Structures are given as structure tokens and as C-alpha cells.
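Visitor: Per UniProt numbering, residue 1 is the first one in the sequence shown, and the count goes up by one each step. For every residue, glycine included, the Cβ atom is placed at its ideal position computed from N, Cα and C. What you are looking at is a predicted structure, and each value in this text was computed from that prediction instead of being measured.
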Amino acid sequence: MLCDPVSRATNSTCLGLARFPPVSRCSPAAYPSGWVRNHRPRRGKALRCFSTITPERIGSTSRRCRMRIHLVLRTLVVLAASALLVLLAAACAAPKQAAPAGESSEVRVVAREFSFEPATIEVQAGRPFTLILENQGAVEHEIEVHEADIHLHAGPGQTVQGTFTIATAGTYEIACEIPGHKEAGMVGELVVH
1 MLCDPVSRAT NSTCLGLARF PPVSRCSPAA YPSGWVRNHR PRRGKALRCF
51 STITPERIGS TSRRCRMRIH LVLRTLVVLA ASALLVLLAA ACAAPKQAAP
101 AGESSEVRVV AREFSFEPAT IEVQAGRPFT LILENQGAVE HEIEVHEADI
151 HLHAGPGQTV QGTFTIATAG TYEIACEIPG HKEAGMVGEL VVH
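Take a look at the structure:
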């Protein structure tokens, strides 16, 4: 039964009826002339605003509703960015697997014309490690660490290896001591933790 404002005030069957917008209270276009019996949505205000977004009503959404929509969207963007930062921090802070005591870890270094890859090598103090030098260059290369008594020499296309233990933590210079190579930039560092 439909009740207009005049019969609502006089007719007892219309008492308790409430005006209800069919889609949302956020949009002025959502208020038709009809009256519906005590039917109000139990959704939050922001969700009611989102229910009004249709192609026909894009321009008719009220300022308050647009503000709610923007608030919800900003909140979602901030939450997504925060979650991404947490995941990124967790991935970066993941501990690197160290070799158990007594076992040797492997470190592979690729030598090309006047560069080492990687340029920085990290090992644990007091633990043996196997250094593998793979020469992918067209000329001979070597790894020399004077302070740690490390020397490996490889001809073109060769792969050589040696097992070493460094007792003292610190940063050591790695260089290819073949004449002209170090000067051309074939250097790196060995970081002992």
C-alpha cells in the first residue's frame, strides 16, 4: 500500500511507514515520490554510496557521497601500499642461509673482460668456503686477495676452484693482477662477516 504525506498523517495503517530511497540516500536522484513500509538497508553509508554508481547517475552523486567514496578508495590504496611495504620488507629481511659449521659454502665468480660478477663476495669468518672462478672471457684472468692469501688463475673458458678459510672479519680487495686488468677496473671486494 502506498501512502502519501497527507494520508500518512491521517490514516492509521500508514503509521510506521518510512520513506526509503530505492538505491541510496547519497544521491538526490534516489528519492522517488513513492513510500515504502519500514524498509531501510542495513549496510554502511559508504556501501550505500557505492551502490549508486551507475553510468546514468555519475553526475548526480552528491558531494557527501563522493567524499565517502574518495575516503574509502584512499583507505584501500593506503592499506594496499602498506601491505606491499610489509611484504617487501619481509622479503628483504629474510635471512640468508649460511652453511652449517664445518661445511664448505660455494661462491661462484664469473670473470669477463675487466669485470668480476658479482663484484662483492660475502663469506663467514672461520668457515671454509669454496671459491669457483669461471673465466668467460677471451683472455686469461685471476682472482688475487693478498691479505687473505687467495690466488686462482684461469685461462680463457676454464673454471678453477679452491677452498679457503679466513679467520679475521673485514673487507678485502679482490683484483685481477694480470698486467693492465686491475687498472682497467677488474677489482671487487671480499666481505668477511
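From Leu152 to Val160, what distance separates their C-alpha atoms?
Guide: Near 7 Å, if we compare the C-alpha coordinates of Val160 and Leu152.
Visitor: Which word fits Arg74, buried or exposed, when buried means at least 16 other C-beta atoms lie within 10 angstroms of its C-beta?
Guide: Flag for Arg74 reads exposed.
Visitor: From what residue to what residue does the alpha helix (DSSP H) around Ala81 run?
Guide: Start and end: Arg63 to Cys92.
Visitor: What did DSSP end up calling Ala148 once you bin it into helix, strand or coil?
Guide: Note: Ala148 maps to helix in three-state DSSP.
Visitor: For a test of the three-state rule: what should DSSP assign to Arg108, helix, strand or coil?
Guide: The answer is strand: DSSP assigns Arg108 an E or B state.
Visitor: Quick check on the burial criterion: 16 or more other C-beta atoms within 10 angstroms. Buried or exposed for Leu133?
Guide: Buried is the call here.
Visitor: Using the beta-carbon count (16 or more within 10 Å), is Val78 buried or exposed?
Guide: Its Cβ having fewer than 16 others within 10 Å, Val78 is exposed.
Visitor: Using the Cα positions of Gly81 and Arg63, report the straight-line distance between them to the nearest angstrom.
Guide: The sequence shown places Ala at residue 81, rather than the Gly named in the question. Between Ala81 and Arg63, the C-alpha separation is close to 27 Å.
Visitor: Under the rule that 16 or more other beta-carbon atoms within 10 Å means buried, what is Leu71, buried or exposed?
Guide: Under this definition Leu71 is an exposed residue.
Visitor: Cβ of Phe114 within 8 Å of Cβ of Met186?
Guide: Contact: yes.
Visitor: For Arg66, count the other beta carbons within 10 Å of its own beta carbon; 16 or more makes it buried, fewer makes it exposed. Which is it?
Guide: With fewer than 16 other Cβ atoms within 10 Å, it is exposed.
Visitor: Find the nearest neighbour of Ala148 within the set His181, Arg108, Gln136 and Gly126, judged by alpha-carbon distance.
Guide: Here the closest residue by C-alpha is Gly126.
Visitor: Rounding to the nearest angstrom, what Cα-Cα distance links Leu85 and Ala91 in this structure?
Guide: Computed Cα separation, rounded: 10 Å.
Visitor: Taking Val139 as part of the beta strand (DSSP E), name the residues at either end of that continuous run.
Guide: Here Val139 belongs to no beta strand (DSSP E), and DSSP marks it neither H nor E.
Visitor: When you compare only the Cα positions, how much space is there between Ile166 and Leu76?
Guide: In a straight line, the C-alpha of Ile166 is about 51 Å away from that of Leu76.
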